[in-house]
Amino acid sequence: MLIKRTRGWELPERAATPEGLYLERRAIVKAMGLGAMALAAPGLALAQDDPTAGKYPAPRNAKFGTPGPMTPEKLATTYNNFYEFDSDKSIWRAAQKMPIRPWTIKVGGKVEKPFEIGFDDLLAKMPLEERVYRHRCVETWSMIVPWSGFPLKSLVEFCKPTGNPQYIVMKTLADTKSMPGLGDVIYPWPYTEGLAMDEATHELAFIATGLYGKPIPKQNGAPLRLVAPWKYGFKNVKSIVSIEFADKRPVGLWEKLQASEYGFWANVNPQVPHPRWSQATEKPLGGDQRIPTQLYNGYAEFVAGLYESRKSEKLFM
Ligand code: MTE
Numbered sequence: 002m003l004i005k006r007t008r009g010w011e012l013p014e015r016a017a018t019p020e021g022l023y024l025e026r027r028a029i030v031k032a033m034g035l036g037a038m039a040l041a042a043p044g045l046a047l048a049q050d051d052p053t054a055g056k057y058p059a060p061r062n063a064k065f066g067t068p069g070p071m072t073p074e075k076l077a078t079t080y081n082n083f084y085e086f087d088s089d090k091s092i093w094r095a096a097q098k099m100p101i102r103p104w105t106i107k108v109g110g111k112v113e114k115p116f117e118i119g120f121d122d123l124l125a126k127m128p129l130e131e132r133v134y135r136h137r138c139v140e141t142w143s144m145i146v147p148w149s150g151f152p153l154k155s156l157v158e159f160c161k162p163t164g165n166p167q168y169i170v171m172k173t174l175a176d177t178k179s180m181p182g183l184g185d186v187i188y189p190w191p192y193t194e195g196l197a198m199d200e201a202t203h204e205l206a207f208i209a210t211g212l213y214g215k216p217i218p219k220q221n222g223a224p225l226r227l228v229a230p231w232k233y234g235f236k237n238v239k240s241i242v243s244i245e246f247a248d249k250r251p252v253g254l255w256e257k258l259q260a261s262e263y264g265f266w267a268n269v270n271p272q273v274p275h276p277r278w279s280q281a282t283e284k285p286l287g288g289d290q291r292i293p294t295q296l297y298n299g300y301a302e303f304v305a306g307l308y309e310s311r312k313s314e315k316l317f318m
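The sequence shown runs contiguously to residue 318 in the numbering used here.
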């Protein structure tokens, strides 16, 4: 993610990550090529040790199609955003230090009864399936990957919200022992994101616990992360430890940091530029050429209706 660090008391304008630097980093990654990436096999050895490995691959749900050629696994698992480790894209090695067992998820806020549940117990209760989705980062890179997991709606029902809450709020683990990025105090940790309840219970909203037919690698958000494919990637909070139901709209990490650039809705729209760059096109990971970005990242037929009554809001940032 690119931020403009404008807080006068903290960092000068020149400290902002310039887009050129980001693009240069991409060029280096590309120049390294798949050969260099193949030296390591991130997440592969790991997946075999995972107690849930036997659950994958899950049956494919083809309702949402296969939106194009899939991104090579090695790219999707070595080019990541996970700021708790570092703001660099190559955090996959560092992420292996994150402890993912035992893993407890706290459920609270407007629910019949607050509770905690271990990840393996939760997974045993959820209907597992695989979906191939587009992913579009606000930085303009994109990928197409097969997630395994379950509909967020199933998780919402399991949590038994009550009193008509308007939002679901999810937070990432903040473990200072394994996550060196937490030392960067400019970021308002823990990583927090949320959805309106009608988005959360929409059939496209998904909780991913697997990737490429195996348990999801740590760098991609093990053991569970949100996938809302019609939104910019920053909405997809990784490594979730807390779920709350609330009436108050949550302010996510990026919005808190830079509300003029990152908002709550963050729906993909090629016609609404980011304040500092165009969103008209995107660069698929591993591809040579930019391709046009699609409204709602290609999922307009499913989700456009969610926003009919919200047209006065900033839906696309
Ligand atoms: N979740 C946490 N906890 N920390 C992060 O830095 N980055 C977000 C999102 N979820 C992020 C996060 C951004 S900007 C993107 S694009 C996606 O994760 C990247 O997911 P990937 O690394 O699996 O491709």
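For every residue, glycine included, the Cβ atom is placed at its ideal position computed from N, Cα and C.
Helix, strand or coil at residue i according to DSSP, with G and I counted as helix
i, result
"M198", "helix"
"D121", "helix"
"L286", "coil"
"G109", "strand"
"F374", "Because the chain in this structure spans residues 2 to 318, residue 374 falls outside the shown range and cannot be described."
"G211", "strand"
"P162", "strand"
"K249", "coil"
"Y192", "coil"
"Y300", "coil"
C-alpha distance - residue i paired with residue j, whole-angstrom precision
i, j, result
"L45", "P73", "Low confidence applies to L45: its pLDDT is 48, below 50, so where it sits in the model is not reliable, and the reading given next is rough at best. In a straight line, the C-alpha of L45 is about 13 Å away from that of P73."
"F86", "K172", "16 Å"
"I244", "K107", "6 Å"
"M127", "A63", "18 Å"
"D199", "Q167", "8 Å"
"H275", "M318", "7 Å"
"E1", "W231", "Since the first and last residues shown for the chain are 2 and 318, residue 1 lies out of range."
"G164", "K111", "7 Å"
"A77", "A54", "19 Å"
"D176", "L183", "8 Å"
Cβ-based burial, residue i [other Cβ within 10 Å; buried from 16]
i, result
"I145", "buried"
"F116", "exposed"
"D51", "buried"
"P218", "buried"
"I92", "buried"
"V157", "buried"
"K215", "buried"
"A125", "exposed"
"I187", "exposed"
8 Å Cβ cutoff met for residue i and residue j
i, j, result
"L196", "I169", "yes"
"W148", "G211", "yes"
"Y134", "V273", "no"
"F246", "A267", "no"
Beta-bridge partners of residue i, as assigned by DSSP
i, result
"R61", "E131"
Neighbour flag for residue i against chain B, beta carbons, 8 Å
i, result
"E314", "Of the protein chains in the structure, only one exists, and it is not chain B."
heavy atom of the ligand COA below 7 Å from residue i C-beta
i, result
"T173", "The model depicted lacks the ligand COA and carries the ligand MTE instead."
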